[in-house]
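Novice:
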Amino acid sequence: MARFSFTIAATDGAARTGIIAMQRGEIRTPAFMPVGTAATVKAMKPADVRATGADIILGNTYHLMLRPGAERVAKLGGLHAFMGWDRPILTDSGGYQVMSLSDLTKVTDEGVSFASHLDGSRHLITPERSIEIQRLLGSDIVMQFDELVRTDVPPAKQREAMDRSIRWARRSREEFDRGGEHAERAAIFGIQQGVLDEKLRKDSADALIDIGFDGYAVGGLAVGEGQEAMFACLDFAPGQLPADKPRYLMGVGKPDDVVGAVQRGIDMFDCVLPTRSGRTGQAFTWDGPINIRNAKFAEDQAPLDPYSPVAGWSKAYIHHLVRSGEILGAMLMTEHNLWFYQQLMQGLREAIADRRLQLFADDFLRRYRTASK
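This is the structure:
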């Protein structure tokens with residue numbers, strides 16, 4: 155099988171549906187990747203994650219390098235064997251977590267030095283070290299190391315971070331290509347930066363295309379700018395990237411975010427929302443999100459969804475579990491939410507193939523946003 159290929163089967167406006175083919179399996183696009191931060195999709199067994207419809211999951215470079223350590227994971231057979239997931243895994247570069255979780259962070263052209271959020275120990279991640287960690291983990295899709303800044307930083311800082319990310323992209327690509335057997339079977343994605351500025355985004359995209367990557371991510375969004383600003387950026391950013399390569403919107407998002415981004419040409423997503431929300435009592439449904447902790451569900455004998463894999467348990471029972479802090483409550487809620495996200499992706503893929511995406515999106519958003527919560 156080819157190392158990496160992307161085939162577009164159908165389009166509808168800017169939206170596309172297709173297949174990413176890799177040695178560990180095919181990924182149907184648009185795709186949603188459940189987040190397995192610390193070598194686990196929280197509250198789920200790998201086989202159950204797969205049963206929800208997931209073709210690929212995400213692992214986190216920052217967390218895994220700190221605990222249990224990338225070298226240890228490699229010694230134990232790599233991330234796939236370690237956690238028992240035999241399909242593709244995308245690993246992020248660690249850049250976002252370094253910026254958002256670490257104290258005393260210092261950014262230079264060499265890389266980012268930071269204090270661990272676990273024990274305060276000092277570490278340095280360079281583009282070369284980020285790629286090395288992802289190689290040790292055995293990642294199928296490797297992300298370049300980049301510098302993310304919030305949308306409200308001064309324009310000069312936005313340009314500086316974008317330019318540095320391009321320099322790091324080149325170093326990431328060179329280190330990936332030195333990876334021997336791993337580079338022969340894995341893929342590497344570049345990350346477009348430039349916050350909300352169309353010119354910065356174009357400069358970033360052009361430089362990344364010149365370097366050459368297997369796919370391209372739209373980075374630096376979903377960091378507090380709001381949906382309207384994010385969509386305004388997505389009205390131009392995906393079109394600046396190659397049409398024949400996958401486009402990945404990092405860290406997104408809510409179901410209505412996903413629908414709007416697919417309409418604007420995005421092929422891949424990841425977000426902690428379905429798992430984190432499940433553990434805290436929020437269930438996603440076609441009629442909008444619900445808080446299962448609410449008293450109105452205490453005697454509700456209906457399931458969250460009649461087709462959900464947890465339809466055998468009533469809202470009343472799950473309400474009891476969540477209110478009681480029982481582990482099974484987090485498990486059932488997470489499984490349902492991941493299933494819902496995969497059902498949404500399947501609906502989007504079918505709508506694109508049938509060229510009825512606008513109708514699907516309108517119907518979904520009308521029901522999702524206006525139903526009684």
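Taking the numbering used here, the leading residue of the sequence shown gets 155, the next gets one more, and so forth.
Glycine included, each C-beta is placed from N, C-alpha and C at the ideal position.
In angstroms, rounded to a whole number, what distance separates the CA positions of Leu-244 and Arg-503?
Specialist: So the two alpha carbons sit approximately 21 Å from each other.
Novice: Going by DSSP, name the residue or residues bridged to Glu-180.
Specialist: According to DSSP, which records beta bridges pairwise, Glu-180 is partnered with Ala-175.
Novice: May I have the straight-line CA-CA distance separating Phe-494 from Val-266, to the nearest angstrom?
Specialist: So the alpha carbons of these two residues sit roughly 37 Å apart.
Novice: Quick check on this structure: which residue in Arg-433, Val-476 and Trp-467 has the alpha carbon closest to the alpha carbon of Asn-448?
Specialist: Out of Arg-433, Val-476 and Trp-467, Val-476 has the C-alpha closest to the C-alpha of Asn-448.
Novice: How is the alpha helix (DSSP H) around Tyr-522 delimited, first residue to last?
Specialist: Start and end: 511 to 524.
Novice: If you draw a straight line from the alpha carbon of Tyr-390 to that of Glu-352, how long is it in whole angstroms?
Specialist: Before going further, note that residue 390 is Phe rather than Tyr in the sequence given. Taking the straight line joining both Cα atoms gives about 7 Å.
Novice: Is the beta carbon of Leu-511 sitting closer than 7 Å to the one on Ala-505?
Specialist: In contact: Leu-511 and Ala-505 (Cβ atoms closer than 7 Å).
Novice: Please work out which residues of its chain come closer than 8 Å, Cβ to Cβ, to Pro-309, disregarding the five sequence neighbours upstream and downstream, and give them in chain order.
Specialist: Excluding residues within five positions, the ones whose Cβ falls inside 8 Å are Asp-351.
Novice: Would you give the residue range spanned by the beta strand (DSSP E) that Gln-346 belongs to?
Specialist: First-last of the beta strand (DSSP E) with Gln-346: 341 to 346.
Novice: How is Ala-235 classed by DSSP in three states: helix, strand or coil?
Specialist: It is helical.
Novice: Name the two residues that bound the continuous alpha helix (DSSP H) containing Ala-415.
Specialist: Ala-415 -> alpha helix (DSSP H) spans 409 to 417.
Novice: Give me, in chain order, the residues of the same chain whose beta-carbon lies closer than 6 Å to that of Lys-527; leave out the 5 immediate sequence neighbours on both sides.
Specialist: Here the model assigns Lys-527 a pLDDT of 43, short of 50, so the residue's position is not dependable and the matter cannot be decided.
Novice: Taking 7 Å as the threshold (C-beta atoms), are Val-372 and Gln-347 in contact?
Specialist: No. Outside cutoff.
Novice: Quick check: Gly-333 and Arg-304, are their CB atoms within less than 7 Å of each other?
Specialist: Not closer than 7 Å, so no.
Novice: Is DSSP giving Leu-212 helix, strand or coil here?
Specialist: It is a strand residue.
Novice: Which of helix, strand or coil does DSSP assign to Met-404?
Specialist: Of the three classes helix, strand and coil, the one that applies to Met-404 here is coil, per DSSP.
Novice: May I have the straight-line CA-CA distance separating Tyr-471 from Pro-460, to the nearest angstrom?
Specialist: In a straight line, the C-alpha of Tyr-471 is about 15 Å away from that of Pro-460.
Novice: Leaving aside the five residues before and after Lys-260 along the sequence, list all residues of the same chain whose C-beta is less than 6 Å from its C-beta, in chain order.
Specialist: Within the same chain, Lys-260 has close Cβ partners Ser-267.
Novice: Between the C-alpha atoms of Phe-330 and Ala-359, what's the straight-line distance to the nearest angstrom?
Specialist: Distance between the alpha carbons of Phe-330 and Ala-359 is about 19 Å.
Novice: For Gln-251, which residues does DSSP report across the bridge?
Specialist: Paired residues: none, contrary to the question.
Novice: Applying the criterion that 16 or more other CB atoms from any shown protein chain within 10 Å of the CB defines a buried residue, is Thr-434 buried or exposed?
Specialist: It counts as exposed.
Novice: Please go through the region 345 to 401 and give each complete beta strand (DSSP E) segment of 3 or more residues, from N-terminal end onward.
Specialist: Segments of the beta strand (DSSP E) lying fully in the region 345 to 401: 369 to 372.
Novice: If I measure Cβ to Cβ from Met-316 and keep anything under 6 Å in the same chain, skipping five residues before and after, which residues do I get?
Specialist: The answer, listed in chain order, is Gln-347, Gly-348, Leu-354 and Ser-358.
Novice: DSSP has Arg-170 in a bridge; who is on the other side?
Specialist: In the DSSP output, where bridge partners are listed per residue, Arg-170 has Thr-165.
Novice: Compute the Euclidean distance between the alpha carbons of Pro-428 and Ser-462, then round it to the nearest angstrom.
Specialist: Those two C-alpha atoms are separated by around 14 Å.
Novice: In the DSSP assignment, find the unbroken beta strand (DSSP E) run with Arg-276 in it and report its ends.
Specialist: That run of the beta strand (DSSP E) goes 276 to 279.
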